[in-house]
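Student: Dumping the structure here so I can ask a few things about it.
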């Protein structure tokens with residue numbers, strides 16, 4: 013063991029010597045083993061797509077010395093992921109792709125004992141808008157028709173989503189409250205499964221991110237009725253917004269990366285720089301545009317402020333919805 | 029016809045020198061990755077995905093397909109030789125593969141597994157080529173009630189077999205269902221059955237952890253207990269002549285299982301919610317049900333090896349279907365492939381099949397070639413695998429233990445899982461001492477987490493009315509078939525009782 017250590021030190025010393033010009037860089041923190049790249053949702057949904065896309069960029073551009081290993085931890089509306097990060101014994105190699113359940117799950121399940129301000133801000137990769145979709149065979153083409161249909165069906169209208177307290181359920185609950193709608197809500201384990209069951213007409217409507225529904229939209233199966241963004245989404249210029257309908261409501265899903273509580277400053281700096289590099293790549297900028305995400309880049313301090321603001325917003329939203 | 033020419037181009041592409049090299053390399057690496065307990069095609073594809081950025085996209089796809097195929101073949105190897113499932117899809121292969129190996133007939137089991145895998149892969153490729161768009165709509169027509177009905181049918185094949193002790197089978201299933209319910213409840217989002225407040229239980233009990241515990245550790249304890257270390261398995265020999273006669277016997281006695289596995293596996297595989305593991309377990313159950321010698325199952329049936337092996341290959345190819353036609357990954361491996369496709373500039377989704385015909389058919393073409401390469405390479409390596417078996421048990425036992433530990437850790441990289449696995453090993457050993465069948469528990473922990481949410485989703489859809497399982501055109505017949513199977517043993521029992529009463533009178 014001693015020998016190995018000494019040999020290793022020797023090699024490290026020699027290589028620092030040999031690569032004197034980039035010595036400063038070599039002293040920086042680098043991951044020493046594969047990075048646990050946890051995802052707060054199941055396979056196939058928006059967060060999962062993003063995590064795998066980021067992993068692929070990092071591999072293709074050779075940005076990390078150790079691989080990012082995607083790890084789906086979607087259980088309990090993301091509670092599984094939050095606990096996974098809080099209890100990890102290696103915070104320097106554990107990061108998480110988050111959704112808004114980063115704010116809502118600790119609020120709804122206070123017995124988990126999660127304080128999100130203990131997590132380490134890394135990067136805000138963008139915010140994802142929501143759109144109300146129906147299947148083309150329903151014949152519904154406008155939001156007004158949708159409202160009429162739901163009312164006519166008197167509680168038998170079936171919508172799918174990713175579970176109570178999840179982003180889409182907040183949007184659906186708001187919509188139901190504002191228009192006095194009574195829908196049946198079927199929870200699934202991820203946005204991918206929701207989109208698939210809308211395509212198979214097992215459910216009648218969904219509130220999905222454009223990225224999750226885009227393929228079916230382009231194939232002509234899904235019809236977008238309403239966007240829950242501040243402005244019309246450039247890729248869907250004919251789809252009106254909730255604000256145009258006279259409701260002061262918009263809702264976005266954050267696509268942010270956070271580090272485990274207790275991550276060292278050096279490791280945090282490494283990941284912040286890594287994800288800033290990924291953010292700037294042509295591939296990521298192209299993804300933001302093609303999947304209709306809005307950029308919302310922030311530094312670490314701004315991210316913490318944003319978290320605090322979002323917690324307050326969601327407290328108000330959940331309270332208004334009677335959660 | 030255009031499809032055939034695209035497919036032909038895909039095959040020709042696979043036969044270029046660089047691509048042949050990628051296939052040979054991929055299949056061989058896949059074979060060994062698959063043979064390592066705990067590592068399956070998911071890990072193989074994930075580990076080697078970065079390598080594919082070094083070669084042109086066409087070759088990259090072929091390389092990944094080759095790894096995928098190699099890993100599917102390799103899963104059977106450790107299931108048979110060591111009794112540790114090489115991958116979750118190969119668990120059912122241990123049921124009969126291990127007994128065959130203990131009888132000194134490991135080469136027969138390995139040859140059967142290789143040939144059945146080949147049949148499964150070939151049938152799946154042909155079905156894919158001929159009916160892909162049609163099958164995609166079949167996959168979409170399976171909503172929660174249909175999936176639940178299918179899961180019910182899977183349970184029924186295990187309960188309604190007769191022969192085994194039915195109360196013990198049911199208890200074993202219940203045990204598996206309870207273990208499968210640990211973790212977060214999908215419908216309400218609340219944690220449940222977090223025993224002793226251990227956070228390790230929050231992520232649920234991994235299927236591989238249970239399977240390796242039961243079959244790796246449990247089997248080792250069983251062997252030690254039965255033989256006190258004096259394992260007298262006849263030393264297997266491997267000759268060309270022996271292999272030829274094995275091939276003959278495997279074909280003769282395993283064709284039925286292979287056919288069942290190939291078709292059933294494929295149809296279960298194309299459902300995004302299910303996948304290759306349920307497919308192989310269900311095929312095992314059905315093969316046992318229709319067999320003329322159901323008693324032979326679990327003790328070294330050739331059909332019992334052929335059915336799950338044909339099914340896991342067929343289902344794995346089947347799980348490509350929702351990915352390529354709908355953009356929905358049907359399995360963890362296809363999720364990783366989907367990530368790779370994005371990097372190659374392909375947009376996953378329902379348009380892929382139409383817009384990127386060349387890619388899709390090129391991939392399928394390379395499946396055909398990889399499948400042929402995989403069966404040949406696998407058969408060539410059988411003597412190497414047999415050689416492992418010739419080690420004395422006193423050496424093999426620690427190797428099995430170490431491989432089980434590595435495999436159990438590799439799945440989730442969590443030390444907690446290792447303790448759980450060892451606990452399962454001892455639990456399985458004692459249950460086996462009391463003659464409880466363990467396969468139903470393993471089946472239940474795979475199917476339970478699929479069956480439960482779909483049951484609850486269905487009942488939400490119908491506002492609590494269970495008739496939803498009978499009135500829907502696809503769910504109805506499946507549910508009824510499942511119920512008949514479940515109650516078949518009860519009918520038989522009543523008939524026998526009535527018959528007995530008549531006789532003395």
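Protein chains in written order, with our numbering: chain U, 13 to 335; chain Z, 29 to 533.
For each residue, glycine too, the CB sits at the ideal point set by N, CA and C.
In terms of residue numbering, what span does the beta strand (DSSP E) encompassing residue 9 of chain U cover?
Tutor: The displayed coordinates of chain U run from 13 to 335. Any statement about residue 9 of chain U would go beyond what the structure contains.
Student: In whole angstroms, what is the alpha-carbon distance linking residue 130 of chain U and residue 272 of chain U?
Tutor: Rounded to whole angstroms, residue 130 of chain U to residue 272 of chain U spans 8 Å at the Cα level.
Student: With a CB to CB cut of under 6 Å and the five nearest residues on each side skipped, what residues in its chain are close to residue 344 of chain Z?
Tutor: Closer than 6 Å at Cβ, skipping near neighbours: 100 and 304.
Student: Could you give the distance in angstroms between the alpha-carbon of residue 96 of chain U and the alpha-carbon of residue 109 of chain U?
Tutor: Their Cα atoms are separated by approximately 13 Å.
Student: On the CB-based measure, 16 or more other CB atoms within 10 Å of its CB, does residue 388 of chain Z come out buried or exposed?
Tutor: The residue in question, residue 388 of chain Z, is buried, as its Cβ has 16 or more Cβ neighbours within 10 Å.
Student: Could you name the residues of chain Z that residue 199 of chain U contacts, counting a contact when the two beta carbons are closer than 7 Å?
Tutor: By Cβ distance, chain Z contributes 214 and 215.
Student: Using a 10 Å radius around the Cβ and a threshold of 16 neighbouring Cβ atoms, would you call residue 178 of chain U buried or exposed?
Tutor: Buried, because 16 or more other Cβ atoms sit within 10 Å of the Cβ of residue 178 of chain U.
Student: Note down, in chain order, each residue of its chain lying with its Cβ closer than 7 Å to the Cβ of residue 310 of chain U, except the 5 sequence neighbours on either side.
Tutor: Excluding residues within five positions, the ones whose Cβ falls inside 7 Å are 136 and 318.
Student: Using a Cβ-Cβ cut-off of less than 9 Å, list which residues of the stretch 125-142 of chain U approach chain Z; keep chain order.
Tutor: Correct list: empty, as no residue qualifies.
Student: 9 Å is my cut-off, CB to CB: does residue 161 of chain U come that close to chain Z?
Tutor: Not one chain Z Cβ lies under 9 Å of residue 161 of chain U.
Student: Quick check on DSSP: helix, strand or coil for residue 305 of chain U?
Tutor: Three-state result, residue 305 of chain U: coil.
Student: Can at least three beta-carbon pairs, one atom from the stretch 106-122 of chain U and one from the stretch 209-216 of chain Z, be found at a separation below 8 Å?
Tutor: Contact fails: fewer than three Cβ-Cβ distances are below 8 Å.
Student: Taking a contact to mean a Cβ-Cβ separation below 9 Å, would you say residue 134 of chain U touches residue 280 of chain U in this structure?
Tutor: Yes, Cβ-Cβ distance for residue 134 of chain U and residue 280 of chain U is below 9 Å.
Student: Express the C-alpha separation of residue 394 of chain Z and residue 379 of chain Z in angstroms, rounding to a whole number.
Tutor: Approximately 21 Å between the Cα atoms of the pair.
Student: Looking at residue 114 of chain Z and residue 58 of chain Z, is the spacing between their C-beta atoms short of 9 Å?
Tutor: Cβ atoms of residue 58 of chain Z and residue 114 of chain Z: not closer than 9 Å.
Student: Applying a beta-carbon distance threshold of less than 7 Å, which residues of chain Z neighbour residue 114 of chain U?
Tutor: Result: empty, since nearest Cβ-Cβ is about 14 Å, beyond 7 Å.
Student: How many angstroms separate the CA atom of residue 139 of chain Z from the CA atom of residue 411 of chain Z?
Tutor: Approximately 11 Å between the Cα atoms of the pair.
Student: Give a yes or no on contact between the stretch 350-370 of chain Z and the stretch 397-411 of chain Z, applying the rule of three or more CB pairs nearer than 8 Å.
Tutor: No, they do not touch.
Student: Would you call the stretch 321-329 of chain Z in contact with the stretch 115-133 of chain Z, where contact means no fewer than 3 C-beta pairs closer than 8 Å?
Tutor: At 8 Å Cβ cutoff, the stretches touch.
Student: Does any residue of chain U have a CB that is nearer than 9 Å to the CB of residue 491 of chain Z?
Tutor: Yes - at least one Cβ of chain U is within 9 Å of the one on residue 491 of chain Z.
Student: Who are the neighbours of residue 196 of chain U on chain C, taking C-beta pairs under 9 Å?
Tutor: Checking the listed chains, one finds no chain C in this structure; the protein chains it contains are U and Z.
Student: Whole angstroms are fine: how far does the CA of residue 128 of chain Z sit from the CA of residue 309 of chain Z?
Tutor: Their backbone Cα atoms lie some 18 Å apart in a straight line.
Student: Which residues of chain U have a Cβ atom closer than 7 Å to the Cβ of residue 118 of chain Z, listed in chain order?
Tutor: Going along chain U, no residue has its Cβ under 7 Å from residue 118 of chain Z, so there is no contact; the nearest lies around 21 Å.
Student: In angstroms with no decimal places, state the Cα-to-Cα distance between residue 66 of chain U and residue 296 of chain U.
Tutor: Their backbone Cα atoms lie some 8 Å apart in a straight line.
Student: In this structure, how does DSSP classify residue 379 of chain Z when only helix, strand and coil are distinguished?
Tutor: It is coil, neither helix nor strand.
Student: Is residue 226 of chain Z buried or exposed, if buried means 16 or more other CB atoms sit within 10 Å of its CB?
Tutor: Flag for residue 226 of chain Z reads exposed.
Student: Under 6 Å Cβ to Cβ from residue 285 of chain Z, same chain only, skipping five residues before and after it: list those, please.
Tutor: Once the five neighbours on either side are set aside, the close Cβ partners of residue 285 of chain Z are 315, 331, 334 and 335.
Student: Just how far apart, CA to CA, sit residue 514 of chain Z and residue 148 of chain Z?
Tutor: Whole-angstrom Cα-Cα distance: 28 Å.
Student: Looking only at C-alpha atoms, which of U:321, U:286, U:261 and U:270 sits nearest to residue 103 of chain U?
Tutor: That would be U:270, whose Cα lies nearest to the Cα of residue 103 of chain U.
Student: Per the DSSP calculation, residue 361 of chain Z is bridged to which residue(s)?
Tutor: Answer is none; residue 361 of chain Z lacks a bridge partner.
Student: Within its chain, find whatever has a CB closer than 6 Å to the CB of residue 420 of chain Z; leave out the 5 residues flanking it on each side and keep chain order.
Tutor: Nothing listed; no residue qualifies.
Student: Are the stretch 431-450 of chain Z and the stretch 158-172 of chain Z in contact at 8 Å, needing three or more beta carbon pairs?
Tutor: With a cut-off of 8 Å, the stretch 158-172 of chain Z and the stretch 431-450 of chain Z do not count as touching, because too few Cβ pairs lie within range.
Student: Check the DSSP bridge columns for residue 147 of chain U and list the partner residues they point to.
Tutor: Note: residue 147 of chain U sits in a beta bridge opposite U:234.
Student: Taking just the CA atoms, how far does residue 523 of chain Z sit from residue 375 of chain Z?
Tutor: Distance between the alpha carbons of residue 375 of chain Z and residue 523 of chain Z: 59 Å.
Student: Using a Cβ-Cβ cut-off of less than 7 Å, give me the residues of the stretch 164-186 of chain U that come near chain Z, in sequence order.
Tutor: Answer in chain order: 170, 175, 176 and 177.
Student: Go through the stretch 90-127 of chain U residue by residue and report every complete run of the beta strand (DSSP E) that reaches 3 residues or more, in order.
Tutor: Listed in chain order, the complete beta strand (DSSP E) runs (minimum 3 residues) inside the stretch 90-127 of chain U are 106-110.
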